[in-house]
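The structure appears right after this line, and notes come after that.
Protein chains: 2
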Amino acid sequence: MSTDDTTDTAAASSTESKCGTSSTDTSSESDCGAASDSSSASNCGASASDGEKEVGATVEDFEGDPGRLLAVGLGPGEPEGMTARAKAALADAEHIVGYTTYIDLLPDDITDDADDIYSTPMCGEVSRTEEAIDRALAGNDVAIVGSGDPNVYALAGLALEILESKGGTASAVDFEVVPGVPAAQSCGARLGAPLVNDTVSVSLSDHLTPMEDIESRLHAVAGEGFTIAIYNPWSRKRRENFQRCCEILLEHRDPETPVGIVHGASREDEATRITDLGTLPELGEEDIVDMTTTIVVGNEETYVWDGRMVTPRGYETKYDY
Amino acid sequence: MSTDDTTDTAAASSTESKCGTSSTDTSSESDCGAASDSSSASNCGASASDGEKEVGATVEDFEGDPGRLLAVGLGPGEPEGMTARAKAALADAEHIVGYTTYIDLLPDDITDDADDIYSTPMCGEVSRTEEAIDRALAGNDVAIVGSGDPNVYALAGLALEILESKGGTASAVDFEVVPGVPAAQSCGARLGAPLVNDTVSVSLSDHLTPMEDIESRLHAVAGEGFTIAIYNPWSRKRRENFQRCCEILLEHRDPETPVGIVHGASREDEATRITDLGTLPELGEEDIVDMTTTIVVGNEETYVWDGRMVTPRGYETKYDY
Chain A
489 MSTDDTTDTA AASSTESKCG TSSTDTSSES DCGAASDSSS ASNCGASASD GEKEVGATVE
549 DFEGDPGRLL AVGLGPGEPE GMTARAKAAL ADAEHIVGYT TYIDLLPDDI TDDADDIYST
609 PMCGEVSRTE EAIDRALAGN DVAIVGSGDP NVYALAGLAL EILESKGGTA SAVDFEVVPG
669 VPAAQSCGAR LGAPLVNDTV SVSLSDHLTP MEDIESRLHA VAGEGFTIAI YNPWSRKRRE
729 NFQRCCEILL EHRDPETPVG IVHGASREDE ATRITDLGTL PELGEEDIVD MTTTIVVGNE
789 ETYVWDGRMV TPRGYETKYD Y
Chain B
489 MSTDDTTDTA AASSTESKCG TSSTDTSSES DCGAASDSSS ASNCGASASD GEKEVGATVE
549 DFEGDPGRLL AVGLGPGEPE GMTARAKAAL ADAEHIVGYT TYIDLLPDDI TDDADDIYST
609 PMCGEVSRTE EAIDRALAGN DVAIVGSGDP NVYALAGLAL EILESKGGTA SAVDFEVVPG
669 VPAAQSCGAR LGAPLVNDTV SVSLSDHLTP MEDIESRLHA VAGEGFTIAI YNPWSRKRRE
729 NFQRCCEILL EHRDPETPVG IVHGASREDE ATRITDLGTL PELGEEDIVD MTTTIVVGNE
789 ETYVWDGRMV TPRGYETKYD Y
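Listed in order, the protein sequences are those of chains A and B.
Whatever position you read off the first sequence (first residue = 1), add 488 for the working numbering.
Whatever position you read off the second sequence (first residue = 1), add 488 for the working numbering.
So this is what it looks like as structure tokens:
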């Protein structure tokens, strides 16, 4: 899910590790503007690449057999939102690596049990993933964690890319992805039944994807009957992306189209609002829309009933009820 | 996820219930052609509407306070794929309602604990959902279960629509959706990291959605950089939808585009194959593509490495590794 607020800039817990490289110095990462969300590191472009270590270690630097590497999805954040399989995978892991906010969400019985926890603040995705892989190559069983699902704007792909760049193989570390509930569905659940039929997820973060591509995708899906989950809708440096997205949606969809906003799901400041597309642009500067927000846009069938978004699947066209 | 094969035509367990209506006679539903998948009931159109009871009970038929109604997502099917929250919700439920295959997947400690289990074979979505709601209106705490997530080609929306048609409210039954891991992500996990960036789910079932709409949606997303999860890709009566989908994808995407196929996830006959778009059309008549299959189509960046699909998010354009 879209993540965190600006308060989490604590330095990473830098710990000893059974690892060919030295422990990562993450002090440069805490300077990198915590306003961006970790999944896109959109404000971190410049400073992160300054602070990012180049890949030093490759498979040749390690002796002995590698351990396992798992990418584990935590779901929305509360412990009960994790699958039993995710919980078991974390219990088995010797080292757990992740963004500080997600590490902090882990239950004590899991963190107490691990040999080592390696956490970094925002803007550390590449170095954090490299560190996780180095630790696995060094022989540890490592779990790299994130909220939601590892295949949804998360690090499963990056882990495989970095493994390859280090001369490793996925098979050698028995690489496995342990899925979790993505933000589209955990936020959708809080809104009622807004998704239901063909649906699309689009991220408004243009750190890694050009804005023209994002706009093209928005046009394509807004003109069709997709329900749309918008990830990373806003940050201080991306206000215009949010406004542009609203404009594009309004070119194709009725201003009365229901829109659900879920801010800070699973956090103390969680807030949910159901509004409409015509109202959405003005909410960009309200607290409810920030980097912890997921927005769900209905299709032309979606309506609001008893405080919930409902997207019919089409049963009403075929059945009597 | 896309569901089941043709072998599950056992009659529903029809049981006594604390309910204003009589127990549902489901014998007509077991005639309705089990080849279709439950989430779309595509072969069930005619016989199901013949066999479907009209909504008899409304809120006025019940006395006393309603119980709770939860729509619970089970994830891919194995017990450890369920979230802790889903497990707790089922443990709390007095009545559990669902398609027979999913009920059979529930661990014994959950089913033994429930006061009543109501299951129906395929083609019973509407009557099954009505039954679940009647039982909640009658005062029972009811959980209606499905694989994956209740907001993904599942029954969360239908439950709200039927509640409204019965004159009830979501608030009165404290309606709640308990999310689960959708098939796109649980199958994606089995393929490696195929999704990663903006992604879309499209169902090829045209029972409730006109095929021309499905084709229009496929064109729209195939021409953009979305990774695509295809649900309900095939059934005996929908072979041409699969072929049409392949044609549309090939109009826009390279024949070498990686495609992952996951058949029967979590079942004994689970099978995974990574192939390409050019090969996909000929697989429609192979066992690996049926109604239990989810297909994941890569975008132009996706590649196959060490037996896994990898879709880069774009880090390689900004970082050295």
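Just so it is clear, CB atoms sit at the ideal spot from N, CA and C, and this is done for glycine as well.
Residue 776(B) sits in coil when the DSSP states are folded into three classes, being neither helix nor strand. Counting only runs of 3+ residues, the beta strand (DSSP E) found wholly inside the region 700-732 of chain A occupies 715-719, in chain order.
Counting along the chain, the unbroken beta strand (DSSP E) around residue 587(A) starts and ends at 583-587. When the beta-carbon positions are compared, residue 545(A) and residue 622(A) come within less than 7 Å of each other.
With respect to the 7 Å criterion, residue 705(A) and residue 690(A) are classified as neighbours on the basis of their beta carbons.
For residue 664(B), the enclosing beta strand (DSSP E) starts and ends at 664-666. Ranked by Cα distance from residue 734(A), the options 752(A), 777(A), 698(A) and 757(A) are led by 777(A). Taking a cut-off of 8 Å for Cβ pairs, the region 614-628 of chain B and the region 567-579 of chain B do not touch, as fewer than three such pairs fall below it. Rounded to the nearest whole angstrom, the CA to CA distance from residue 676(B) to residue 682(B) is 6 Å.
Within its own chain, the residues whose Cβ lies closer than 7 Å to the Cβ of residue 746(B), once the five positions on either side in sequence are excluded, are 762, 764, 786, 790, 791, 792 and 797, listed in chain order.
Within the DSSP bridge table, the entry for residue 761(A) names 749(A) as partners. For a cut-off of 8 Å, the C-beta gap from residue 699(B) to residue 729(B) is around 6 Å, short enough to register as a contact. Annotation: residue 625(A) is outside any beta strand (DSSP E); the continuous alpha helix (DSSP H) that includes it extends over 613-625.
Less than 7 Å divides the Cβ of residue 607(B) from the Cβ of residue 586(B). Among the residues of the region 546-566 of chain A, those with a Cβ less than 9 Å away from any Cβ of chain B are 559, 561, 563, 564 and 566, in the order of the chain.
Per DSSP, reduced to three states, the secondary structure at residue 604(A) is strand. Around the C-beta of residue 659(B), fewer than 16 other C-beta atoms lie within 10 Å, and the residue is accordingly described as exposed.
Judged by DSSP in its simplified three-state form, residue 689(B) adopts strand. For the 7 Å CB-CB criterion, residue 752(A) and residue 782(A) do not form a contact. Close CB contacts of residue 673(B) within its chain, under the 8 Å cut and outside five residues either way in sequence, are with 683 (chain order). Between residue 669(B) and residue 558(B), the C-beta spacing is not below 7 Å. Short of 6 Å from the beta carbon of residue 754(B), and not among the five residues preceding or following it, lie these beta carbons of its own chain, in chain order: 564, 565 and 566. Of the candidates 561(A), 576(A), 604(A) and 611(A), 604(A) places its Cα closest to the Cα of residue 582(A). The beta carbons of residue 556(A) and residue 630(A) sit about 7 Å from each other, so the pair counts as a contact at 8 Å.
Excluding residues up to 5 positions away in sequence, 686, 687, 688 and 787 lie with their Cβ nearer than 7 Å to the Cβ of residue 714(B) in the same chain. Exposed is the label assigned to residue 727(A), since fewer than 16 other Cβ atoms lie within 10 Å of its Cβ. Residue-level contact by beta carbon fails for residue 662(B) and chain A, as no gap is shorter than 7 Å. For residue 559(A), the uninterrupted beta strand (DSSP E) segment begins and ends at 557-561. In terms of beta-carbon proximity, residue 606(B) stays away from the interface with chain A, with every pair separated by 7 Å or more.
Closest option to residue 584(B), judged by alpha-carbon separation, among 692(B), 593(B) and 599(B): 599(B).
DSSP, read as helix, strand or coil, puts residue 573(A) in helix.
Residue 712(B) has a beta carbon lying within less than 7 Å of a beta carbon in chain A.
Its chain contains 764, 765 and 766 as the residues whose beta carbon lies nearer than 7 Å to that of residue 743(A), once the 5 sequence neighbours on both sides are disregarded; these appear in chain order. Taken in chain order, the whole alpha helix (DSSP H) runs of length 4 or more contained in the region 631-671 of chain B are 644-653. Listed in chain order, the non-local C-beta contacts of residue 648(A) below 8 Å within the same chain comprise 658 and 663, local neighbours out to five positions each way being set aside. Neighbours of residue 658(B) in chain A, taken as residues at a C-beta separation under 8 Å, are given in chain order as 680, 793, 794, 795 and 796.
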